[in-house]
Structure formats: structure tokens, C-alpha cells
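Enquirer: Numbering (mature numbering (1 follows the signal peptide of the UniProt record, and there is no 0)), first residue to last: -26 to -1, 1 to 262. Note that CB positions come from ideal geometry on N, CA and C, so glycine has one too. Can you keep this structure in mind? I'll have questions shortly.
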């Protein structure tokens, strides 16, 4: 047991020394979340039971009461420290944050929060979790629109959980910026696209227990200019001023149900078998 903390530090340094990299400017808050999530997923003996990140200048950190360990970033020097438990009462430097993030990304490390698989999440999305509430944001920036409107992918399950979970999305606000239609009597068709992008219901069979009763709040902005291809110009009543962006705020709620196939979901996914169904003409049809 005495050598285990050394293995943790050595494991991180081995990743750093295994390849060359060019550190880039990083969003400290987002990268700190990624690092601490990775630490929880990789070393649960030291960082058990997902904890919310706290901020006390100049620190962004998490405290794990079960082990008495602190882990976090000092924004003064952008280095990662650990303290408590086997590391003692004084902060111990692990490495610069940028170095660790680069190597986690290069090695395919899992920086997901417990409730969501965010491995394929687009760059620019920040995830935080406190209890059963997940917050997803682009921090006021507009990022390229992702292929999927699901920002909290269900982690693959290694065993059948027997839990069925219905996911519903409520769009609280949506707006298309960069396209204005001022033709009397004709509504802006792009506004309906904004609402429909995030709407819908989905059901998951064999869902993970930590995803039940989950609430996901999103405050995001996406650059959708390229989604329209070559935008026409000179159309009377239509003004296009790139970039064209989609701003969305919505709340996703999960609730357990007895049978996904008896719900009004538009699609069903089995997180254990990877089977997938969509509703066609009132019935669910399996997609192969």
C-alpha cells in the first residue's frame, strides 16, 4: 500500500514522457473537470464517489471525504496538486495541467463524468455534475454543431441492469442568429429548426443506475453556418449575416419506466446489447 501513491504519480509521469506534444491554450475550468473526472475513473481508490469541483482562489479542486484527499489546480502556476491521505498534509505537485490534458487526450483516457460518456463530446463543451444534476455549457462561445444532439451519451453496460429509462427534453429558449426573414405573413422556418434540434423523447433499456432521475441542463451555442451549405444572397426579405448560430437552453430529465416499448419515445437503445429501435408508423422497428 505504501507504494501505491508513487504508482499514481509515476503513472502520470510515464504518460507525459512517452511522447512529444505541443501544449496549447486551454480552458482551465473545462480542462480541470476533464482531469479530475479522469482521476476518478482511473484511480477510484483515491478519488471515490464523484465530487463537485469547488473554487477558492487560486484553487479549483475536489475534496474526497472518504479518503481525505484533495486534488486540483492552482491557477497561479497552472499546475496540478494532490494533498491528504498518503500524500500528507502539504500540497504535492503532480504536473502542469496542459501536459496532463494533452496526454489524457492522446492516450484515449476517460474524462467523462459518472453519469455520461463524454469521450466523443465535441471540443468546447464543459461538463460538471453535482448529485443528480449535470450542467453542460459552451461558456458563451459558439462551437461547430455536433452530429448528435445528445450531450450525455449512455455509458456501455457490461451487464443487464434491468432498468428502463425515458429521457425527455424541454427546450426553454432557442434562437437562430445571422438569418432574418422580414416577409409579412411568413414565419421564420429556421426558428422551428432551432426548437426541433433538441426536442424529442428517447428510451434506454438496461440503463445505468447512476443515470436514473438525472437532470441535464444545457446552455449552448453552435455555429451552423456550414450546415446550410452555400447560403443564397439577394433574396428579398431575407438578410443573412454570417456566422449563423444556434443558441439553445434546454433541460433533459430521466425517469424510470416499466417498459420502453410501451412509451411514446421516438427511439429505444439497449445499453447492454447495443440494439437500437426507431418508431415507424406507430411501431418500433429494429435497426440493424
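Please work out which residues of its chain come closer than 6 Å, Cβ to Cβ, to residue -5, disregarding the five sequence neighbours upstream and downstream, and give them in chain order.
Expert: In this prediction, residue -5 has a pLDDT of 31, which is less than 50 and means its spatial position is unreliable; what the coordinates show is noted afterwards. Same-chain partners within the cutoff: there are none.
Enquirer: Considering just the uninterrupted stretch of the beta strand (DSSP E) at residue 147, what are its terminal residues?
Expert: 138 to 155 is the extent of the beta strand (DSSP E) around residue 147.
Enquirer: With residue 11 as the anchor, note down where its alpha helix (DSSP H) starts and where it stops.
Expert: It spans 2 to 16 - the alpha helix (DSSP H) in which residue 11 sits, taken as one unbroken run.
Enquirer: Return the chain-ordered list of same chain residues with a C-beta closer than 7 Å to the C-beta of residue 22, the five sequence neighbours on each side being excluded.
Expert: Excluding residues within five positions, the ones whose Cβ falls inside 7 Å are 38, 40 and 41.
Enquirer: Based on DSSP bridge pairs, tell me the residues matched to residue 78.
Expert: DSSP output for residue 78 lists no bridge partner at all.
Enquirer: Going by DSSP, name the residue or residues bridged to residue 226.
Expert: Paired residues: 143 and 190.
Enquirer: Ends of the beta strand (DSSP E) at residue 254?
Expert: Counting along the chain, the beta strand (DSSP E) containing residue 254 begins and ends at 250 to 254.
Enquirer: Touching or not, the segment 22 to 37 and the segment 106 to 121, by the rule of three or more beta carbon pairs under 8 Å?
Expert: At 8 Å Cβ cutoff, the stretches do not touch.
Enquirer: So for residue 73, helix, strand or coil by DSSP?
Expert: Of the three classes helix, strand and coil, the one that applies to residue 73 here is helix, per DSSP.
Enquirer: Just how far apart, CA to CA, sit residue 259 and residue 239?
Expert: Answer to the nearest angstrom: the Cα atoms are 12 Å apart.
Enquirer: On the three-state DSSP scale, how would you describe residue 46?
Expert: In the structure shown, residue 46 sits in a strand (DSSP, three-state: E or B).
Enquirer: Please report the distance separating the alpha-carbon of residue 73 from that of residue 9.
Expert: Taking the straight line from one Cα to the other gives about 11 Å.
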